[in-house]
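Our numbering numbers the first residue of the sequence shown as 20 and each following residue consecutively. Heads up, the beta-carbon is just placed ideally off N, CA and C, and yes, glycines get one too. To start, the structure itself, in structure tokens.
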Amino acid sequence: MLRLLAEGCSNQAIAERLVITVGTAKWHAHNIYAKLGVSRRTQAVARARALGLIT
């Protein structure tokens, strides 16, 4: 999910690639933001890179 966020995929594109609903994609994104302590997609990607979770 983080890799797809970093690629700039929309929630719709993420849902299609992971074969889940858009609502589920949004829910997972929200949970990731909370765990990383951020409120936006770009902040999540930057924080994940800083933590070495994605390259």
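Burial state of residue i (16 or more Cβ within 10 Å)
| i | result |
| --- | --- |
| valine 38 | exposed |
| alanine 53 | exposed |
| histidine 47 | buried |
Enclosing alpha helix (DSSP H) for residue i [first to last residue]
| i | result |
| --- | --- |
| valine 64 | 60 to 69 |
| alanine 24 | One detail in the question is off: residue 24 reads as leucine in this sequence, not alanine. Taken as a continuous stretch (DSSP letters only), the alpha helix (DSSP H) holding leucine 24 covers 21 to 25. |
| isoleucine 43 | Looking at the sequence provided, one finds threonine at residue 43 rather than isoleucine. 41 to 55 is the span of the alpha helix (DSSP H), which, as asked, contains threonine 43. |
| leucine 37 | 30 to 37 |
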